[in-house]
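Take the sequence shown: its letter number 91 is residue 91 in my numbering, and every next letter is one higher. From the three backbone atoms N, C-alpha and C, an ideal C-beta is built for every residue, glycine too. Computed from a predicted model, the values in this text were never measured in an experiment. Reviewing the structure listed below.
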Amino acid sequence: QIDENIWRIDRKSVNAPWSEPHKFLELSSTRSDIFPSFSPDGSRISFVSNRSGNYDLWISNRDGSNPRQLTNIGSISGTNSWSPDGKWIAFDWNNNGDWDAAVISPEGGAPRRLTSSQHTESSATWSRDGRYLYVNSDRSGQVELWRQPLDGAPAKQVTFHGGIFGFETVDGK
Numbered sequence: 001q002i003d004e005n006i007w008r009i010d011r012k013s014v015n016a017p018w019s020e021p022h023k024f025l026e027l028s029s030t031r032s033d034i035f036p037s038f039s040p041d042g043s044r045i046s047f048v049s050n051r052s053g054n055y056d057l058w059i060s061n062r063d064g065s066n067p068r069q070l071t072n073i074g075s076i077s078g079t080n081s082w083s084p085d086g087k088w089i090a091f092d093w094n095n096n097g098d099w100d101a102a103v104i105s106p107e108g109g110a111p112r113r114l115t116s117s118q119h120t121e122s123s124a125t126w127s128r129d130g131r132y133l134y135v136n137s138d139r140s141g142q143v144e145l146w147r148q149p150l151d152g153a154p155a156k157q158v159t160f161h162g163g164i165f166g167f168e169t170v171d172g173k
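The following block contains the structure:
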């Protein structure tokens, strides 16, 4: 059994020195707690934990208090990211050996798979306008970045010489 924890470093102001790293005490468990991601407004943290026996997505307040399980599907790889408006969290889901990108409301409910090919799609990141997820996929024969619309339209390949994580610039390119 592996015990992995989420740590934090505090700072009182922009010019203040950084504190020593310390564990989020409220988030600490005797299992793996990994891949934290802050909500856009900074009020909540999503993270992956196997404290329930399987790797699932969890959410807590900014200070780590009130952790609660969002998914009960197991087999989440770890990466997760919040939509720009804070209404969705994207994550990687291993559904019977098929890695797909999915989203869930931070309030809970059923997750919605956004990809469903027989290829690996993972490491979802959001477009700045929140209308697309960038996912890496091996559907072209090598791992490339694809832009997956949230409305279910077909994904479009955006790199042609390899790609893992997609992040748009301020101007959306």
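Rounded C-alpha distance that separates residue i from residue j
i: valine 103; j: aspartate 138; result: 20 angstroms
i: serine 43; j: asparagine 61; result: 6 angstroms
i: tryptophan 146; j: proline 154; result: 10 angstroms
i: glutamate 121; j: asparagine 136; result: 5 angstroms
Check whether residue i and residue j have beta carbons under 8 angstroms apart
i: serine 127; j: isoleucine 89; result: no
i: tryptophan 82; j: proline 40; result: yes
i: asparagine 72; j: aspartate 98; result: no
i: glycine 166; j: valine 143; result: no
i: aspartate 133; j: alanine 101; result: The question names aspartate, yet the displayed sequence has leucine at residue 133. Yes.
i: leucine 150; j: arginine 131; result: yes
i: proline 228; j: isoleucine 34; result: Any question about residue 228 goes unanswered here, given that the chain covers just 1 to 173.
Per-residue burial, residue i [other beta carbons within 10 Å of its own, 16 or more giving buried]
i: tryptophan 18; result: exposed
i: valine 158; result: exposed
i: glutamine 148; result: buried
i: proline 67; result: buried
i: alanine 124; result: buried
i: phenylalanine 38; result: exposed
Local conformation of residue i per DSSP, three classes
i: tryptophan 18; result: coil
i: valine 135; result: strand
i: lysine 12; result: coil
i: aspartate 63; result: coil
i: leucine 114; result: coil
Any non-hydrogen atom of the ligand ZN within 7 angstroms of residue i CB
i: tryptophan 93; result: Absence of the ligand ZN is noted for the structure shown, with no ligands found whatsoever.
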